[in-house]
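Residue numbers (my numbering): -14 to 720.
Take a look at the structure:
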């Protein structure tokens, strides 16, 4: 009873009295709901009663929201509606609830309309959004979204353009209508001030759906009427032509173009932007007809474009248009008209190489060799050849020209690359022709790569090109060997390019080198599957190149590469020494890997029947240098132990030959002595005495320098020993 009374007061425009009775109704329903809940949830009749109470409460809350709106209490109304929405989510989805949902959505829509009418756009936008969210989309709620878009438009178009467009686009997506299309164009025009590309794309999208084609063309008429006295009329007309052509209505499109041409010279001149769009459209249409070998039709579309150029106009596009017309005339065997068109192109753009090439083509048809070769220059020839490669459909003609250019050394790189593209992308050549051409250019690229020893980047490019061309040939053992060599050499050239420090950022080149190496591995696996290669060094070379590239890229996989090298059968010591050097060649810095390779190399040297003591000494030298770098201020105990072992190895090597390099012995002596002095300065006296004593043991292995160093070092050693004794006594006294 209280709810009906509240509703009546609300209808009588007395929201204050309505609020009183509505609050009483809410309190009563909440008390009833509490009582039902306390009885338990098991009985079906109790569950049904609770549902009825919730639906009644939903209606009363809706009335309270309506009352709050009538009193201008926006926040209070929002709270009531939000509570209603929360209840809708909990209630079962039955037919009655759908009615409640529709009612709540309609109420929010009415709130939006009321606030819109009093220019409260922010509140209106909120309520319309709520209406859509509650009711979801159908024909009815497309109307809600259109009104929401209108609110954003009139509130602040520039600020809320995106929201307005989103709303109207969503409405049109589910239920397209003339009013929705008009509203979208209205928003776009209001914000942009002109018939923008977005407007055009909207109509294009609509027209692409056959069911909306009539609507799109009908709306185009309205747009043209809207812009009848505006400079943007041309844009609408061009759009109309575009849509006609898209739908295959060429005859209607031509009629519209002829109307535009007439209007262009009778007061309805197209804007430069619209005219450019129309030219592009006309040229595209002509180009497609030309490709289909319908040269008469292509010429007609080019002539439409020509109609917009004034007589005597100087424009590069005019010259290009005349060249295109000349090409059509040549195909139609209308030589005189082709000459007239090219004459116009020469007048407008005489320096263009494309114009000169067209002159050349006409001269060839006239058998006028002298004119065709007039002012012959390499640059012009190359540009003409580029045009031929881009436009000619005759692969044999193009490849013959490319061979000629290659033989004359006009531009071998361009010719070889263009040949590779032509042979790989075209299918009109027979298999034999394809193989013959690819082989010819492959060998040329190979020979040129060998001539570029002083230019690693060119060498790499030619070897890669040779490999790419070889992929167009039937694979056999010889070809695979050639591919393997090309990829190996390309990787080597990339690494050489980095070694010469010609590039500040070497990452890209090193990454490319790894790609060549990976591809080479695949080719090499295929080759090895076809037979044995006992003396082939490919495995070793690939691992060396991969190690160098990964080391300079600071790639952690470099350790795995070293393990692969160590797993090689009969790995050479020279390979390991190279690995050790590469591990420390800037920007690489892998001292542990370098030492590991050197230790294995030293072990292999010692296993030889006749050990190469010089190489052994070099390995030991490098190991000591890596383990005990110069300039260190402290040394860890395990490092000293490791270096001591290397010194013992060095002593065993020195003891064997009589002609061991004296300077190497002196280096070992000096490094050991300096280590002892360092340890002395660090108060590590026992270790200091040990290392100085080690240094003294090398004196007897000096040749001509032994006497002078023995006298000098003995005195220093005695002094060191005295200091060590005093230091030890001081330590004992302190203890």
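Each residue gets a CB set at the ideal place from its N, CA and C atoms; glycine is no exception.
Own chain, CB closer than 8 Å to residue -2, minus 5 neighbours either side, in chain order | 55
Residue 609 lies in the alpha helix (DSSP H); which residues open and close that run?
-> 598 to 612
Short Cβ contact (9 Å threshold) for residue 451 with residue 469 | no
Can you say whether residue 518 is buried or exposed, counting buried as having 16 or more other CB atoms within 10 angstroms of its CB?
-> exposed
For residue 151, the nearest candidate out of 134, 500, 141, 140 (CA to CA) = 134
Classification of residue 333 by the beta-carbon crowding that lies within 10 angstroms, buried from 16 upward = buried
Let me know if residue 623 comes out buried or exposed under the rule of 16 or more other beta-carbons within 10 Å of its beta-carbon.
-> exposed
Cα separation between residue 481 and residue 529?
-> 13 Å
Cβ contact (3+ pairs, closer than 8 Å) linking the region 674 to 693 and the region 649 to 662 | yes
Residue 432: first and last residue of the uninterrupted alpha helix (DSSP H) it sits in = 416 to 435
Using a threshold of 9 Å, state whether the C-beta atoms of residue 611 and residue 576 are closer than that.
-> yes
C-alpha distance - residue 705 paired with residue 632, whole-angstrom precision = 21 Å
Three-state secondary structure assigned by DSSP to residue 631 = helix
Which stretch, first to last residue, makes up the alpha helix (DSSP H) that contains residue 686?
-> Here residue 686 belongs to no alpha helix (DSSP H), and DSSP marks it neither H nor E.
CB-CB under 8 Å to residue 627, same chain, minus the five flanking residues each way: which ones, in chain order?
-> 612
Cβ contact (3+ pairs, closer than 8 Å) linking the region 551 to 560 and the region 500 to 517 | no
For residue 807, which option in 235, 155, 250, 298 has the closest C-alpha, if you only look at C-alpha atoms?
-> Here the chain has residues from -14 to 720 only, and residue 807 is not among them.
Residue 91 and residue 69 look like a contact to me (Cβ under 8 Å); what is the Cβ gap, rounded to whole Å?
-> Their Cβ separation, rounded to whole angstroms, is 13 Å, which puts residue 91 and residue 69 out of contact at 8 Å.
Is the region 557 to 566 touching the region 582 to 591, taking contact as three or more C-beta pairs under 8 Å?
-> yes
Return yes when the Cβ of residue 454 is within less than 9 Å of the Cβ of residue 416, no when it is not.
-> no
Cα-Cα, which of 129, 640, 512 is closest to residue 463?
-> 512
With contact counted as at least three CB pairs below 8 Å, one residue from each stretch, are the region 15 to 24 and the region 61 to 68 in contact?
-> no
By DSSP, does residue 556 sit in helix, in strand, or in coil?
-> coil
Indicate the three-state DSSP secondary structure (helix, strand or coil) for residue 537 in the structure shown.
-> helix
From the DSSP output, in three-state form, read off residue 250 for me.
-> coil
Verify whether the separation of the beta carbon atoms of residue 495 and residue 542 is less than 9 Å.
-> no
Answer with buried or exposed for residue 574, where buried requires no fewer than 16 other C-beta atoms within 10 angstroms of its C-beta.
-> exposed
Please check the pair residue 305 and residue 314, which I expect to be a contact at CB under 8 Å, by giving their CB distance rounded to whole angstroms.
-> Actually they are not in contact, since the Cβ atoms of residue 305 and residue 314 sit about 15 Å apart, beyond 8 Å.
What are the start and end residues of each continuous beta strand (DSSP E) run of 3 or more residues lying completely inside the region 267 to 349, in chain order?
-> none
Bounding residues of the alpha helix (DSSP H) (the contiguous stretch that carries residue 503) = 492 to 514
Can you say whether residue 700 is buried or exposed, counting buried as having 16 or more other CB atoms within 10 angstroms of its CB?
-> exposed
Is it the case that the Cβ atoms of residue 132 and residue 149 are separated by a distance below 9 Å?
-> no
So, are the CB atoms of residue 601 and residue 634 less than 9 Å apart?
-> yes
Where are the alpha helix (DSSP H) runs, 4 residues long or more, that stay fully inside the region 558 to 597, in chain order?
-> 558 to 568, 576 to 592
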